[in-house]
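To keep things clear, I will list the structure first and then write my remarks on it.
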Amino acid sequence: MRYATLLFTCLMLLLAGCASRAPVAPESMTEAPAAIRAKQKASSGNSAPDLQAQQEMDALVADVMAEVPPLRVSLEAQHEDWKGVPYRYGGLSPRGVDCSGFVYLTFLSRLGMEVPRTTTELLQSGEKVKRDEIQVGDLVFFRTGPGNRHVGIYMGNGDFLHASSSQGVMTSSLSNPYWHRRFWQARRLAGL
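When you read off a place in the sequence shown, starting at 1, and then add 656, the result is the number in our numbering.
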């Protein structure tokens, strides 16, 4: 969430800075940003400090984007699209989805990867990962009761995305006492 807030702030600053600049002619859209800025400076009389400020903002946005894994951005977008969708055993739609169905739909729609549909099949996929080596996109599994299993997708910073049986699609923290006690294993699927 920290990355999303930082990214949003940087993008808003960039957009605010762009609002005061002269419009770019349509034929310039295929030119490199440096060439566009040079033309704008020549035509609008922008001073060197304005150009320097824009270059610094461009560098800041590039740094922020480099720190946020693209996979995490995709997972955050999936969370925004599905947040609050109720849990429904066997469900695969916005009217209701279960935990493994949500994993299946997320990998298919956001990553173009078809993964197994059930928690049991997901448990047999990929390679087991140590808890302290979990990366964004890894599957996290929990034992929630006798014979009951739960799966989610690790988002980084200790958070995972899942379809909770009590609250629907949401993010939770692995350090939450409920999930911490029930953590079972993590698995990394091929191609991530």
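Quick reminder that beta carbons are idealized off the backbone N, C-alpha and C, glycines included.
* Take the Cβ of H836 as the centre, count every other Cβ of all protein chains shown within 10 Å, and call the residue buried at 16 or more, exposed below. => exposed
* Look at the alpha carbon of P725 and the alpha carbon of S756, and state the distance between them as a whole number of angstroms. => 23 Å
* Asked: Any idea what DSSP makes of P682, helix, strand or coil?
  -> In this prediction, P682 has a pLDDT of 37, which is less than 50 and means its spatial position is unreliable; what the coordinates show is noted afterwards. Helix, per DSSP.
* Asked: Should the region 824-838 be called in touch with the region 738-749, which here means at least 3 C-beta pairs below 8 Å?
  -> yes
* Within 8 Å, strictly: CB atoms of L779 and F758 -> no
* Under the assumption that T762 contacts I809 (Cβ atoms under 8 Å), give the Cβ distance between them as a whole number of angstroms. => 6 Å
* Count the other CB atoms, across all protein chains shown, that sit within 10 Å of the CB of Q791; report buried if there are 16 or more and exposed otherwise. => exposed
* CB contact flag (R787, R838, <8 Å) -> no
* **Where the beta strand (DSSP E) containing S781 begins and where it ends** => Where S781 is concerned, there is no enclosing beta strand (DSSP E), given that its DSSP letter is neither H nor E.
* Asked: Cα separation between V753 and A709?
  -> 47 Å
* Asked: Which first and last residues belong to the alpha helix (DSSP H) in which V741 is found?
  -> No alpha helix (DSSP H) contains V741, which DSSP labels as neither H nor E.
* What is the rounded straight-line gap between the Cα of L848 and the Cα of R751? -> 29 Å
* Cβ-Cβ separation, L795 to G814 (assumed contact under 8 Å), whole Å -> About 16 Å; that fails the 8 Å criterion.
* Asked: Which residue comes first and which comes last in the alpha helix (DSSP H) that contains G812?
  -> Note, G812: premise wrong, no alpha helix (DSSP H); beta strand (DSSP E) at N804 to G812.
* To do: Excluding the 5 residues preceding and the 5 following G768 in the sequence, name in chain order all residues of the same chain whose CB lies nearer than 7 Å to its CB.
  => none
* Pick out whichever of G801, G812 and P833 has its Cα sitting closest to the Cα of S821. => G801
* To do: Can you tell me which of the three DSSP states D815 falls into?
  => strand
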